[in-house]
Every structure is written in C-alpha cells, then in structure tokens.
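Asks: Next up is a structure, given as structure tokens.
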Amino acid sequence: TDGRGAPEFDSNSGGGVTGLDANFLPSIESAITLAAQYDIYLAFNLWDFGMLDDEVPGDGEHAGGHTDLIVENAKRQSFINNALIPMFDHPIAGTSYTVGTHPNVIAWDIINEPEWGIVESGGVDPDISNPVTLAQMQRFVAEIAAAIHQHSNQLITVGSASLKWNSDTVLGGTANWWADEDLTPFAANGTLDFYQVHYYGWMNGDEITWSYSPLFQSTADAGLDKPTVIGEMPLNALDLGVSLASALDTIYANGYAGVWLWAYEDDGSGMFGTWPTSQAELSSFNQAHAAETAVSDQCSTPPSTLPDTLPDRVLGQLDFNSNGSGTGMDKFNWPSGTAVAPDGKLYVIDYLNNRVQRFPDAATFMAGDAADLSIISSSPGNPLIGPESVAVDAQGNVYIAETENHRILIYPPDEAAQASIVIGQYGMGCPAGQTTFFFPRGLALDSNGNLYVADEFHYRVLIFQPPFTTGMLPSGVIGQPNFTSCDPDGGGAVSGSGLNGPRGVALDSDNNLYVADSENNRVLQFSAPLTNGETAVAVLGQSNMTNNSAGTGNDEMNFPIDLVVDSHDNLYISDMFNHRVLAFHPGFSSGQAADQTYGTPRQIATNCYDNFPAVPVSETLLYCPQGLAVDSNDNLYLADALHHRILAYDQPERIYVYLPLLRK
Numbered sequence: 013t014d015g016r017g018a019p020e021f022d023s024n025s026g027g028g029v030t031g032l033d034a035n036f037l038p039s040i041e042s043a044i045t046l047a048a049q050y051d052i053y054l055a056f057n058l059w060d061f062g063m064l065d066d067e068v069p070g071d072g073e074h075a076g077g078h079t080d081l082i083v084e085n086a087k088r089q090s091f092i093n094n095a096l097i098p099m100f101d102h103p104i105a106g107t108s109y110t111v112g113t114h115p116n117v118i119a120w121d122i123i124n125e126p127e128w129g130i131v132e133s134g135g136v137d138p139d140i141s142n143p144v145t146l147a148q149m150q151r152f153v154a155e156i157a158a159a160i161h162q163h164s165n166q167l168i169t170v171g172s173a174s175l176k177w178n179s180d181t182v183l184g185g186t187a188n189w190w191a192d193e194d195l196t197p198f199a200a201n202g203t204l205d206f207y208q209v210h211y212y213g214w215m216n217g218d219e220i221t222w223s224y225s226p227l228f229q230s231t232a233d234a235g236l237d238k239p240t241v242i243g244e245m246p247l248n249a250l251d252l253g254v255s256l257a258s259a260l261d262t263i264y265a266n267g268y269a270g271v272w273l274w275a276y277e278d279d280g281s282g283m284f285g286t287w288p289t290s291q292a293e294l295s296s297f298n299q300a301h302a303a304e305t306a307v308s309d310q311c312s313t314p315p316s317t318l319p320d321t322l323p324d325r326v327l328g329q330l331d332f333n334s335n336g337s338g339t340g341m342d343k344f345n346w347p348s349g350t351a352v353a354p355d356g357k358l359y360v361i362d363y364l365n366n367r368v369q370r371f372p373d374a375a376t377f378m379a380g381d382a383a384d385l386s387i388i389s390s391s392p393g394n395p396l397i398g399p400e401s402v403a404v405d406a407q408g409n410v411y412i413a414e415t416e417n418h419r420i421l422i423y424p425p426d427e428a429a430q431a432s433i434v435i436g437q438y439g440m441g442c443p444a445g446q447t448t449f450f451f452p453r454g455l456a457l458d459s460n461g462n463l464y465v466a467d468e469f470h471y472r473v474l475i476f477q478p479p480f481t482t483g484m485l486p487s488g489v490i491g492q493p494n495f496t497s498c499d500p501d502g503g504g505a506v507s508g509s510g511l512n513g514p515r516g517v518a519l520d521s522d523n524n525l526y527v528a529d530s531e532n533n534r535v536l537q538f539s540a541p542l543t544n545g546e547t548a549v550a551v552l553g554q555s556n557m558t559n560n561s562a563g564t565g566n567d568e569m570n571f572p573i574d575l576v577v578d579s580h581d582n583l584y585i586s587d588m589f590n591h592r593v594l595a596f597h598p599g600f601s602s603g604q605a606a607d608q609t610y611g612t613p614r615q616i617a618t619n620c621y622d623n624f625p626a627v628p629v630s631e632t633l634l635y636c637p638q639g640l641a642v643d644s645n646d647n648l649y650l651a652d653a654l655h656h657r658i659l660a661y662d663q664p665e666r667i668y669v670y671l672p673l674l675r676k
C-alpha cells in the first residue's frame, strides 16, 4: 500500500507495469515463512484508495497517482500480467506451495476503502483530483479478482469504507457495490468470497435517518448474501464508549463472521485500552463462544470431495444395462480417451472407429445424445489411424495422440477439424530419437501449457514447451537418463527412475507429474520442478520402488492405464485389468490404499487386448476402463472401453458452512 513493495512502472512505455521491485518477492516470501513458523494467518492488502492520490509524500513511499491502472485497459492488464500473476505463482522455498496457495495466507483485500476515490460516493477524498467512476472501479476489482481466482485458492474481499456502500437496506445505505451481479459483467469469475466493511464511532449516525454501525445493523438488516467481516475497528475505546467484549458480543449476535482490529501498539493506543485488558476480553469472548470460534486445522483448506460410486449419466448407450458398439454419431467402438474443454465440450477418442467425437456439453449430456463434430483425419485424405488419447488446452486447442501413426496432432479451436501442427514421427527400437515416438499414448498439459506424452515402448515421458511447432524437439524426459536411451526400467532393475510401458500421465496443481507405469503395475509421482531422469518421490500400487507384481487389493494394481487429477488434487486411476477406478485423496505416501473404488470387483478372462468374452453390464460393472477426465466442477468422466460407453459421476451438491474469522 505504501509503495515500499510496489510494482515497477516504466515511463518509457507510458507508465505501464513492467514487474515488481527486486525486494518485493523475497519480502513477501519471508513474511509468509515467518507466519507459518509462528502459526499466524495473513490477509494482505493490495491497494489503498491513496493510489488515486496525486500528492506523493516527501519520503516517496507511496504508490500514488495511478488512476491510470483503473481507467486504462492496457495498463491494468500490464499490472495483472507482469506483477499480480507472477506474485501469486511465486514458489515459497522449502514447501510445495506458491504465494497463491500457501495455507497461512487466508485472504486478499484488493483495495482498501475504494469509495473515497469514486465519484458516485459523494465523499471523494480531497487529495484525489481525478476520481474514477463506479463502473471503472468495479471493472478494476472484477478483473483482479478473476486473475487471483485463476492463480490462487485463497479468499478475496474489498475493504469497503462502510455499510453505506454494501447495502441499500440499512439506514442511509445506497447499494451493495461489490455484489456478484455488479462485478460479473466485467469478469465472469471476478467475484468476492466475503464482504468486508469498516466501522468507527461516527458511523453510528442518528439511528433515525442513517446508521452504518454493525452494533445497530445486522447482516440480515443489510441484506448481505455473503459472510461479512468488520475489517477495521476503532482505534480505542473512546470511539464507542463500550468494552471490546461487549462490542464483540453485539457484532457476533448481529451475524457478522469476524472482526479485524485496526492495530496493536505497545501503549494500547491501537486497541481498546491496554493489551492486557484487550487480551483478557478477547479470551473471555473466545471461551464463551468456543464452539463457534475454535476452528480445526483440518479446515484450513477446502475439503476434497469425491463423487459417489454410482454413475449419474451414460453416453453411447441408451441405459446402464446396454453395451453394444456402433458407428453412429451416438455410438462408440472402444472409447479410449476423454477430455473436457474449458468451454465444457466433451471430447471422446472412439478408438476402433478411428475418430474423435465432440459433444456440446459434458455437464448436461444424456443417454442417446449424438456428437456434434467428428475429427476423422489429420488433413484431407489422411484419416486418423488408432488414436488413443486427447487433451484440450486453455485456449481450446485439441491435442490427439495418433498412437498407431506414432505422432501427436494439434488442432486449432475451430470447426475445420484439420491438424495445424504435427509433433513426432515413427521410431522403432533403440537408440531412440529425440523427435520419434514408438506408440505415444497418454497426454497431459500443465498449468504453464507444457505438453507431456507417454512414449510407451521407448519407456519414457517426453515434455514439450510451447510455442509448439511441427517437428519440434522435447525439452525434458522422465524414465530415461537422456533422449536416446530407451530400455525398459532404464536398462536395469525396477526402480523409481525407470519406466516399463508407461500409458497415462497427469499433473496436479503444483505441476507434480503422475505416470501410469502400466507394465510395472504402479503409478509414480515425480516432484516439480522436473529434471531429466529424476527419481520418483512416491509410488502407488506397490509397497516400494522395486516391486512390480500385480494384485487386486486396494493398495495394488493390475495394469493401470490412465489417470487424472481434479482441482482438489484428488487422483483417479483406471486400474484396467482389475476393471475398476481407484481414487486417492492428496498427501500420498508410498503403498497407501485407495480412499474410494469405482466399479464392482470382478475377474474376467481377458487382458483387454485379445479374447473378449461377453460379460454382464450394469451401472457398477466396468469392462476394461480406460480414459479419465474431470471438468471445472470436478465431475468425473470415464471411458468404459469394452462396454462402449462414457460414464459421468457427478459431484454431489455442496453445502458450504462459513465459520467466524475471529481466530483461525
């Protein structure tokens, strides 16, 4: 707020933001590290209304005069792209967290008391000669909130100067300027997670025509539809004439979710009298409301929810008891891969029909629905041959592993259905080429747009960095020490660094890599940042890194073929030859058992690639399950390959309980 840890502005480019000053990221990293050490939870403030103040104090420690960041689109985007996002993506040393995911950071206040710089408030600060309009400030808040939501799981708020601008029902209130309906027109995901209002004695009003006091106005009176925190409380007891304990009791009874006191000074000037008095009153309040204010550490991150084990919808069949194959737009013949695009469209690899089928909406498809697009060729006259997996990036580009042509095809996000980029070519045997594949199978993309390809019979995973071009070289390799080695298990015994027939790949929110090491009947976890030939840090399906036997227990696997990670880092694995899907909550340890199983245990005399006996079909009986995908709501999609269908496991309706922020 005061400019000591500010974005850097480039006068040569008209005042755009070029980055952060050299001290900022180390300083914020140090603050978060210390907070974790001392069990302190932080809520950071990004901007103050003083950013609109043209008057810069003599010490120069004030980022004033930046109305342009609010009113000019290009400069606002320069701040988001060059300062805000790099800050949230900055890793915290010694942890797997970034600034935007660290559990000791609970919230971000986008701007403190913005109303003092808004024309429509009627109370513009006299030092601000160029106030902005309400719509301009709402756009600023919404676009920053959307960027934070994309790069963080922490809460977002705005420090509104008083209830006057958060309600049209309190005495003297104008409107809730920070409600979802006022922010989403500027950015669909640009909403606040909780409201924050400030309070001082002058806000009591005459209690007849106006009052913005949380002592007199409840959240119900104010019509507030989200948890609301009192973000600033009086500097001392003289503002209210009541004790801290009495104020907290009243505010709690009025439905507010918490109180942040203004400051603490050794002489007591920042709070309600001296610290010993305030401490005693806080303790008294906490004891009286222990059930509401004592929050378990288990609640420091959102709970991870797995869909129940019964599918809710089916595609490719008319019901859960049918399993016929076909060539129509509503049928499949061995669906092997699935992916959900950012716009919600569902892509399905129809393996034996040599095509990729697109369906308009993954979240709403019903039995009997037909595809609205078929991708059947890489270019005119060149039909697809044996495609097996599919992925879609944030821009809607479609990636297809054309396995039996030993290459990866990239299609632009349009209706042309013709590939624009081809990566890889056929390369049987050893030594391997850096540009060759020998049956590429699984595909995955990380948060930076890097492409991961499971190169099955070169016994490796190749990593490609954007921008992608035809014939490009990979930038990294897992499973082999270099780009030419191609022996199973790295040419030695089973270990944590070698692979044998890898088929599936997936990334979690920290870009840790998971590989379905199919022939070794296990899944390996590799820790980010990845290095060539690195050793896995955990194994699932085996008790240690040197075993590779198949099994049917919940801590065992038999030819795991595909996997996917949802937004809570839950890991789902298609355990193909066991005809089931295993689900694991995050925090994996080697050899642990699955937390949930999809599919009734069954034994079928087949290896899923020859000898296909007829078997019963139902909503819980799977037959060689293969491709997995999740959508933005963590609904799970499964390609039940030899039942020729896609099953959707929808998330249950979630009920959110908001706990007070008086303590943790």
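Under the numbering used here, the first residue of the sequence shown is numbered 13, with each subsequent residue one higher.
Ideal Cβ positions, reconstructed from N, Cα and C, are used throughout, including at glycine.
Since the structure is predicted, the reported quantities are computational estimates derived from the model, not experimental observations.
1. Can you have a look at Gly483 and say buried or exposed, based on whether 16 or more other CB atoms are within 10 angstroms of its CB?
2. Hey, how far is the Cα of Ala199 from the Cα of Ala154?
3. In chain order, which beta strand (DSSP E) runs of at least 3 residues are fully inside the region 512–549?
4. On the CB-based measure, 16 or more other CB atoms within 10 Å of its CB, does Cys620 come out buried or exposed?
5. Could you tell me the boundaries of the alpha helix (DSSP H) in which His163 lies?
6. What is the DSSP secondary structure of Arg419, counted as helix, strand or coil?
7. Give the list of continuous beta strand (DSSP E) stretches no shorter than 3 residues that lie fully inside the region 544–591.
8. In the DSSP assignment, what are the bridge partners of Gln20?
9. How many angstroms separate the CA atom of Ser353 from the CA atom of Phe332?
10. Please say whether Thr45 and Ile104 have beta carbons closer to each other than 9 Å?
11. Put Gly436 into one of helix, strand or coil per three-state DSSP.
12. Does the Cβ of Gly112 have 16 or more other Cβ atoms within 10 Å, making it buried, or fewer, making it exposed?
13. Could you work out which residue in His78, Ser179 and Tyr584 is closest to Asn647 when comparing CA atoms only?
14. Might you give, ordered along the chain, the residues of its own chain that have their beta carbon closer than 7 Å to the beta carbon of Leu673, omitting 5 neighbours on each side?
15. Have a look at Gly608 and Thr547 and give me their C-alpha separation to the nearest angstrom.
16. Would you call the region 514–525 and the region 453–461 in contact, with 3 or more CB pairs under 8 Å?
17. Under 6 Å Cβ to Cβ from Leu64, same chain only, skipping five residues before and after it: list those, please.
18. Return the residue from the list Val117, Gln89, Phe100 and Ile82 that minimises the CA-CA distance to Asn142.
19. By how many angstroms is the C-alpha of Leu227 removed from the C-alpha of Gly184?
20. Quick one: any contact between the region 633–648 and the region 558–575, if contact means 3 or more CB pairs under 8 Å?
21. Give me, in chain order, the residues of the same chain whose beta-carbon lies closer than 7 Å to that of Asp22; leave out the 5 immediate sequence neighbours on both sides.
22. Strictly under 9 Å for the Cβ-Cβ distance: is Gln229 near chain D by that measure?
23. What beta strand (DSSP E) runs, 3 residues minimum, are completely inside the region 184–270?
24. List the residues that DSSP assigns as beta-bridge partners of Gly488.
25. What three-state label does DSSP hand Val83 in the structure shown?
26. Using the C-alpha atoms, what's the distance from Ser90 back to Pro138?
27. Following the continuous alpha helix (DSSP H) through Ala43, name the residue where it begins and the one where it ends.
28. Just to confirm the assignment, what range does the beta strand (DSSP E) spanning Pro347 have?
29. What are the boundary residues of the alpha helix (DSSP H) that includes Ile97?
30. How about Ala444 and Gln492: are their beta carbons less than 9 Å apart?
31. Less than 9 Å separating the beta-carbons of Ser348 and Ala653?
32. According to the neighbour-count rule (16 or more other Cβ atoms, all chains shown, within 10 Å of its Cβ), is Pro628 buried or exposed?
33. To the nearest whole angstrom, what separates the beta carbons of Ala159 and Ile92, a pair I think is in contact under 8 Å?
34. Is Ala351 near Ala595, with beta carbons less than 9 Å apart?
35. Could you name the residues of the same chain whose beta carbon sits closer than 7 Å to that of Thr313, not counting the 5 residues immediately before and after it, in chain order?
36. At what residue ranges does the region 608–658 contain a whole run of the beta strand (DSSP E), taking only runs of 3 or more?
Replies: Let me lay it out:
1. It is exposed - the Cβ of Gly483 has fewer than 16 other Cβ atoms within 10 Å.
2. Rounded to whole angstroms, Ala199 to Ala154 spans 6 Å at the Cα level.
3. Qualifying beta strand (DSSP E) stretches, in chain order: 514–519, 525–529 and 534–538.
4. Answer is buried; the Cβ neighbour count reaches 16.
5. Residues Leu146 to His163.
6. Strand at Arg419.
7. At a cut-off of 3 residues, the continuous stretches assigned as beta strand (DSSP E) that sit fully inside the region 544–591 are 550–552, 572–577 and 583–587.
8. The sequence given here has Glu at residue 20, not Gln. Gly31, per the DSSP bridge assignment.
9. According to the sequence provided, residue 353 is Ala. The question's Ser does not apply to it. Using only the alpha carbons, I get a separation of about 25 Å.
10. Result yes, Cβ atoms of Ile104 and Thr45 sit closer than 9 Å.
11. For Gly436, the secondary structure class from DSSP, reduced to helix, strand or coil, is coil.
12. Looking at its Cβ environment, which holds 16 or more other Cβ atoms inside 10 Å, Gly112 is buried.
13. Asn647 has its Cα closest to that of Tyr584, out of His78, Ser179 and Tyr584.
14. For Leu673, the predicted structure reports a pLDDT of 49, less than 50, and the residue's modelled location is therefore unreliable. A value from the coordinates is still provided. Excluding residues within five positions, the ones whose Cβ falls inside 7 Å are Val241, Ala269 and Gly270.
15. Rather than Gly, the amino acid found at residue 608 in this sequence is Gln. Cα-Cα distance, rounded: 27 Å.
16. Three or more pairs of CB atoms, one per stretch, sit closer than 8 Å, so the region 514–525 contacts the region 453–461.
17. Closer than 6 Å at the Cβ level, and outside the excluded window around Leu64, lie Thr79, Gly129 and Ile140.
18. Among Val117, Gln89, Phe100 and Ile82, the Cα nearest to that of Asn142 belongs to Ile82.
19. Each residue's Cα considered, the two are about 15 Å apart.
20. In the pairwise beta carbon analysis, the region 633–648 is classified as touching the region 558–575: at least three pairs are separated by under 8 Å.
21. Only residues of its own chain outside the window of five on either side were considered, and among them Gly28 and Thr30 have a CB closer than 7 Å to the CB of Asp22, listed in chain order.
22. The displayed structure is made up of one protein chain only, and chain D is not part of it.
23. Taken in chain order, the unbroken stretches of beta strand (DSSP E) that lie wholly in the region 184–270 and span 3 residues or more are 207–210 and 240–244.
24. Bridge partners of Gly488: Ile475.
25. Helix.
26. Roughly 28 Å between the two C-alpha positions.
27. Boundaries of the alpha helix (DSSP H) around Ala43: Phe36 to Gln49.
28. Under the DSSP assignment, Pro347 falls in the beta strand (DSSP E) whose first and last residues are Pro347 to Val352.
29. Run containing Ile97: Ile97 to Asp101, per the alpha helix (DSSP H) assignment.
30. The answer is yes: Cβ separation under 9 Å.
31. Closer than 9 Å, so yes.
32. Classification of Pro628: exposed, given that the 10 Å Cβ count is below 16.
33. Your pair Ala159 and Ile92 checks out as a contact, with CB atoms roughly 5 Å apart and the cut at 8 Å.
34. In this structure, Ala595 does not lie closer than 9 Å to Ala351 by Cβ.
35. Because Thr313 carries a pLDDT of 42, less than 50, the predicted location of this residue cannot be relied on, and no value is offered for it.
36. List check, beta strand (DSSP E) in window: 608–610, 637–642 and 648–652.
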